[in-house]
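Under UniProt numbering, the sequence shown has 248 at position 248, and the numbering climbs by one with no breaks.
Every residue, glycine too, gets a C-beta built ideally from N, C-alpha and C.
Reading through the structure tokens given below for one structure.
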Amino acid sequence: MATITYLVKLKKPSKRKHKAWLREQKTFVHCLNDCVTRLLNGEKLTSKNVPFPLKSTIKNEAIRRAKKAVSDYKMEVAKSIPVFKANTPISINNQNWDTQFKKGRWYLGFTTSMGKKYLPVLETDWVNTYFPYLTKLNRNFRGTIQLLRRRRNWYVAIPIEISCDIGQSSQNKETQRTPIGIDLGLRHIAVITELEPGKRQWFSGKEVGYIRRHFRSLRRSLGKKKAQRAIEQIGNKERRWITDYNRKLAHDLITFCLQFNQPMIQIEQLENIRNTCKTTKQADRTIHSWPFYQLKMFIKQKAAKHNIPVTDIDPYKTSQTCFHCGYEDKRNRYKSKFHCKQCGYVCHADLNAAKNIARSARSTSLAV
Numbered sequence: 001m002a003t004i005t006y007l008v009k010l011k012k013p014s015k016r017k018h019k020a021w022l023r024e025q026k027t028f029v030h031c032l033n034d035c036v037t038r039l040l041n042g043e044k045l046t047s048k049n050v051p052f053p054l055k056s057t058i059k060n061e062a063i064r065r066a067k068k069a070v071s072d073y074k075m076e077v078a079k080s081i082p083v084f085k086a087n088t089p090i091s092i093n094n095q096n097w098d099t100q101f102k103k104g105r106w107y108l109g110f111t112t113s114m115g116k117k118y119l120p121v122l123e124t125d126w127v128n129t130y131f132p133y134l135t136k137l138n139r140n141f142r143g144t145i146q147l148l149r150r151r152r153n154w155y156v157a158i159p160i161e162i163s164c165d166i167g168q169s170s171q172n173k174e175t176q177r178t179p180i181g182i183d184l185g186l187r188h189i190a191v192i193t194e195l196e197p198g199k200r201q202w203f204s205g206k207e208v209g210y211i212r213r214h215f216r217s218l219r220r221s222l223g224k225k226k227a228q229r230a231i232e233q234i235g236n237k238e239r240r241w242i243t244d245y246n247r248k249l250a251h252d253l254i255t256f257c258l259q260f261n262q263p264m265i266q267i268e269q270l271e272n273i274r275n276t277c278k279t280t281k282q283a284d285r286t287i288h289s290w291p292f293y294q295l296k297m298f299i300k301q302k303a304a305k306h307n308i309p310v311t312d313i314d315p316y317k318t319s320q321t322c323f324h325c326g327y328e329d330k331r332n333r334y335k336s337k338f339h340c341k342q343c344g345y346v347c348h349a350d351l352n353a354a355k356n357i358a359r360s361a362r363s364t365s366l367a368v
């Protein structure tokens, strides 16, 4: 199965709806942060003991997201206690939204504190292709959507899980997918490769390390108490730079994929990325807190716009397993060099891992 996510733009809402959604988003964020605090204190939460004016289904989504954030923090996937910001999207589960076709156009209906409303969407090829599968009768194809805002415009991020066999016969060439592997790391933020003929591209972490050290140096030079406001401004500027960098990197990765026929992306899961990327060098520690989850979300969003499926792959031992012969041994890898002890295959360790991630597509069914 492959999950693809696409941003669907809603027709500009009335002032009444806009203000109501703003209030609901604000309440949802307060609810999330309250749930995080209570979970860290060891409380057990249900929709009944969460005192916010939200639908019970939305409260349950807030509890789920808060549990995931707390779990990431405890497992050191997240570096600090999670704090949800004002622009955090509202989560709506698959039982409380669907699509509807009427009067010659597609509508998206979802439940908020105002009840369930059907709103017209900006129609695209993606909408016309997939909305017929997201009606009331097709709950199995629907996942949890996110209602989000960009200035006065409102969007819904829609994930769906679909699958089909990867055709291997010459009669099915038009549906064959080209597997693309992406390995995320610290020395190289990303390494992307295609299996045959093996085109690849590297994205070094040197620029990232330099910029983050620069911002850290600025904060230290300002001291603490007297320059608190200036330090916060520097932190905000750094976060904006990181977000912009991740957006551009995701764009470059998708541009690489588009040179191939029917590409499909295999990307490593992030649960243990910092445990598998242990390092002691100062330069690498600067990148250690890099928001890989944000980068991955940008990749998925941009891939969905081009109907490129993205699948999460368990990266376990992909950097220790020989791409050429399949022999697995931790001695195969030494720092950035991969040298197979069995067949003698030599390769950069990150590239070898990316190839193994791409090759895993051979036995996986993905969306077309």
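Counting only the same chain and skipping the five closest in sequence on each side, list residues whose C-beta sits under 7 Å from that of Gln320. Glu328, Asp329, Lys330, Asn332, Arg333
Gln168, buried or exposed, once every other Cβ within 10 Å from all chains shown has been counted against 16: Since pLDDT at Gln168 reaches only 39, below the 50 mark, its modelled position is unreliable, and the value read off the structure follows with that caveat. With fewer than 16 other Cβ atoms within 10 Å, it is exposed.
Identify, in the order they occur along the chain, each residue of the same chain with its Cβ nearer than 7 Å to the Cβ of Phe215, setting aside the five sequence neighbours on each side. Ile234, Glu238
Return yes when the Cβ of Ser336 is within less than 8 Å of the Cβ of His348, no when it is not. yes
Taking buried to mean at least 16 other C-beta atoms within 10 Å of its own C-beta, is Ile287 buried or exposed? Bear in mind that the predicted position of Ile287 carries a pLDDT of just 49, short of 50, making it too unreliable to give a figure here.
Let me make sure I understand the geometry here. Which of Arg212, Ile158, Phe256, Val70 has the alpha-carbon closest to that of Asn236? Arg212
List in chain order: all unbroken alpha helix (DSSP H) runs of 4+ residues lying wholly within the segment 99 to 171. 125 to 130
Where the alpha helix (DSSP H) containing Thr57 begins and where it ends: 56 to 74
Nonlocal neighbours in the same chain, by C-beta distance under 7 Å from Cys35, ignoring five residues either side: Leu45, Val50, Ala62, Ile63, Ala66
Using the three-state DSSP reduction, which class does Leu32 fall into: helix, strand or coil? helix
Excluding five sequence neighbours on each side, which residues of the same chain lie with their C-beta closer than 8 Å to the C-beta of Ala86? Gln25, Lys26, Val29
What are the start and end residues of the alpha helix (DSSP H) that includes Glu238? 228 to 257
Could you spell out where the alpha helix (DSSP H) holding His214 opens and where it closes? 206 to 221
Of the residues Phe338, Pro159, Gln228, the one placed nearest Thr5, counting alpha carbons only: Pro159
Which word fits Met264, buried or exposed, when buried means at least 16 other C-beta atoms lie within 10 angstroms of its C-beta? buried
Suppose you measure from the CA of Ala304 to the CA of Lys248; what does that come to, to the nearest Å? 16 Å
Does the Cβ-Cβ distance between Ile58 and Phe110 come in under 8 Å? no
Which residues in the same chain have their Cβ closer than 6 Å to the Cβ of Leu122, if we skip the five residues on either side of it in sequence? Lys9
DSSP puts Glu328 in a beta bridge; with which residues? Thr321
Among Asp350, Tyr293, Lys341, Gly326, nearest to Asp72 - alpha-carbon criterion: Tyr293
Distance, Cα to Cα, Val70 vs Glu268? 22 Å
Euclidean distance between Cα positions of Gly181 and Ile242: 23 Å
Apart from the five residues on each side of it in sequence, which residues of its chain come closer than 6 Å, Cβ to Cβ, to Ala354? Gly181, Asp183, Val191, Thr193
Hey, Ile299 and Ala250: beta-carbon distance below 8 Å or not? yes
Could you tell me if Thr129 is buried or exposed, where buried requires 16 or more neighbouring beta carbons within 10 angstroms of its beta carbon? exposed
Do Leu295 and Asn246 have their beta-carbon atoms positioned less than 8 Å apart in this structure? yes
Taking the alpha carbon of Leu218 as the point to measure from, which residue in Glu232, Leu258, Lys206, Gly205 has its own alpha carbon closest? Glu232
In terms of alpha-carbon separation, which member of Ser360, Gln342, Met75 lies closest to Tyr316? Ser360
Buried or exposed for Gly205, going by 16 or more other Cβ atoms inside 10 Å? buried
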